[in-house]
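A short write-up of the structure that comes next.
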Amino acid sequence: MPTYCDQACPSGTADSSHTSQEDTGVESGDSIAPEGNADKRCEGSGEDSGRDPESQLADGEEYEELAKNDRGWRKIVRNFTPSWFTVNMGTGIVSILLFNLPYNGTWLYWISVGIFGLNTVLFTVFLAISILRYALWPGIWRVMLQHPVQSLFIGTFPMGFSTVVSMIALVCSPAWGSWVQIVAWALWIVDSVISVVCAVGFPFMLMASGRQSDLPSMTAAWLLPVVSTIVAASTGAIVAENLPTPQLSLWTIIASYLLWGLGMLFSMIILAVYFERLALHKLPPKSVIVSTCIPLGPMGQGGFVILKLGVGARKFFPLNKTLDPAAGGVFYAVGFMFALMLWGFGFMWMLSAIISIAKCKRIPFTMGWWASIFPLGVYANCTILMAVEMPSQFFKVVSTILTLCVLILWIIVSAGTIREVITGRVFFAPCLSDMRVKRKKKSRIKAS
1 MPTYCDQACP SGTADSSHTS QEDTGVESGD SIAPEGNADK RCEGSGEDSG RDPESQLADG
61 EEYEELAKND RGWRKIVRNF TPSWFTVNMG TGIVSILLFN LPYNGTWLYW ISVGIFGLNT
121 VLFTVFLAIS ILRYALWPGI WRVMLQHPVQ SLFIGTFPMG FSTVVSMIAL VCSPAWGSWV
181 QIVAWALWIV DSVISVVCAV GFPFMLMASG RQSDLPSMTA AWLLPVVSTI VAASTGAIVA
241 ENLPTPQLSL WTIIASYLLW GLGMLFSMII LAVYFERLAL HKLPPKSVIV STCIPLGPMG
301 QGGFVILKLG VGARKFFPLN KTLDPAAGGV FYAVGFMFAL MLWGFGFMWM LSAIISIAKC
361 KRIPFTMGWW ASIFPLGVYA NCTILMAVEM PSQFFKVVST ILTLCVLILW IIVSAGTIRE
421 VITGRVFFAP CLSDMRVKRK KKSRIKAS
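Sequence positions in the sequence shown follow UniProt numbering and run 1 to 448.
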């Protein structure tokens, strides 16, 4: 939903970064425009007077179809973009944080379970709407994949799904028995496959699309498809803890290391390009300034994964007689070292994001605000795990403060999202504007 900042906004917000690199000053959503407004941009109001009747008839049929699809449930379904799954990412990480919080209690546990239930319902509804969208309008799928912004949000689907699977392993597995562990493991496999397809397919689409991309148009949303494998690896590390056999846990850990390597190294490459873009072309406009939070995601999630996998390696390597008897301890120690390094690097990105946002005044609310929740949440989750493993009172306090910030931010963004849903301004898909322009050109060519 969000312009995962620069583009992590569901629907229309993402369009803002491509319409202008300057701050337009538009209130409440900067590029969340109603679909009808987008149609007016494509219509060309002064062109109809000199055209033949057949062309005008074709346009009349086009407008009639647009009017039918721009009302009621059809408007919602047709404009429901993949970026809505960032809501699952933000909601899911809040439930995980409250479950793992060092200073915990029974009341916090039940709050986390309640938010987990909410996230599961939201994910199911979003998935059903997405399936209905592409079933009713199959052409939208191809158009969405060809869109330079909306195609990036395919990665939000497996990441949102990962938060649900992680909580199934953490909450449902201990409560309902071993069969839930197998279900969680099977769901993790599905999620991992989708994540790999997203991570591998993104660079191929980028290189084979034939589109020319300028460095100023590059945004942190490029990380979305790639980071999905890191998130899948974190779910694998959680699922591996309670599987029925040590062999199954071992291979889950090994597969998660592979997923972490794919996503982490690729993220570093993209971050290098993104840093060059920021250094040479300044910060993004204030309508999408929250996108500066996104690089915090691979740092926090990457640190959590490598440390959590080290915990699993120390436990399951000796049980399976994998490598040297001391290999598990080495993996654990190296994992903790990398987690500290990534945490420190992430701290730099967090300070950079805070300073960048603080420089802007009166930032309008957009769905892109969801972009700040998940990155900060996974960074807090990494801090929690380091606090447990050291153990460290300092990291416990820091993780609690970060968790509180994430919770407050989630409440604020959720309230703003509900308001935007009521007004209907969030239901706008930029890729549909491109499709309408192409269809109008075809109808005019036929008429001529």
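C-beta: ideal position from N, C-alpha, C; glycine also.
Under the rule that a run must span 4 or more residues, no alpha helix (DSSP H) segment is found entirely inside the region 394-438. Between Y379 and M350, the gap from beta carbon to beta carbon is short of 9 Å. If you keep only unbroken alpha helix (DSSP H) runs of at least 4 residues inside the region 203-287, you get 223-239 and 246-281. Counting every other CB atom within 10 Å of its CB across the protein chains shown gives V305 a total of 16 or more, marking it as buried. Following the DSSP letters along the chain, one finds M350 inside the alpha helix (DSSP H) bounded by residues A327 to K359. For I294, there is no enclosing alpha helix (DSSP H), as DSSP gives it neither H nor E. Judged by DSSP in its simplified three-state form, G368 adopts helix.
Residues of the same chain with a CB within less than 7 Å of the CB of C293, apart from the 5 flanking positions on each side, are C5, A353, A371, S372, P375 and L376 in chain order. Straight across, the Cα-Cα distance linking V426 with Y103 is about 37 Å.
Two segments are said to touch when three or more pairs of C-beta atoms, one from each, lie closer than 8 Å; by this definition the region 113-122 touches the region 162-172.
Per the Cβ contact rule, the region 133-145 is not in contact with the region 89-109 (fewer than 3 Cβ pairs under 8 Å). Between S166 and the set W107, G263, S234 and P246, the nearest pair of CA atoms involves S234. Judged by beta-carbon spacing, V398 lies within the 9 Å limit of T383, meaning their Cβ atoms are closer than that value.
The C-beta distance from M299 to G346 rounds to 3 Å, short enough to meet the 8 Å contact threshold. DSSP places K308 in the helix class (H, G or I) of the three-state scheme.
The beta-carbon distance between T86 and Q150, rounded to whole angstroms, is 13 Å. This is too long to meet the 8 Å contact definition.
The alpha-carbon separation between I154 and Q212 amounts to approximately 21 Å. Runs of the alpha helix (DSSP H) lying entirely within the region 122-195, each at least 4 residues long, are 139-146, 156-167 and 173-176 in chain order. Taken through DSSP and simplified to helix, strand or coil, N104 comes out as coil. By the criterion of at least three beta-carbon pairs nearer than 8 Å, the region 127-137 is not in contact with the region 407-417. In the three-state reduction of the DSSP assignment, F80 falls in the coil class.
Ranked by Cα distance from A339, the first of F428, L307, G424 and F204 is L307.
Between the beta-carbon of G72 and that of F123 there is about 24 Å, and that puts the pair past the 8 Å contact cut.
According to the DSSP assignment, L323 belongs to no alpha helix (DSSP H), since it is labelled neither H nor E.
Straight-line measurement puts the Cα of K361 at about 48 Å from the Cα of A175.
From the listed residues K321, L323 and G310, the smallest Cα separation to Y332 is found for G310. Distances from the CA of V196 to each of A255, Q181, V180 and A220 were compared; the closest alpha carbon is that of A255. According to the DSSP assignment, P375 belongs to the alpha helix (DSSP H) that extends over I373 to E389. Annotated as proximal: L283 and S356, with beta-carbon spacing under 9 Å. When secondary structure is reduced to three states using DSSP, I96 falls in the helix class.
At a Cβ-Cβ threshold of 9 Å, Q181 and L243 count as neighbours. Within the same chain, Cβ atoms closer than 8 Å to the Cβ of L402 are found at L376, Y379, A380 and T383, the five residues on either side in sequence being excluded.
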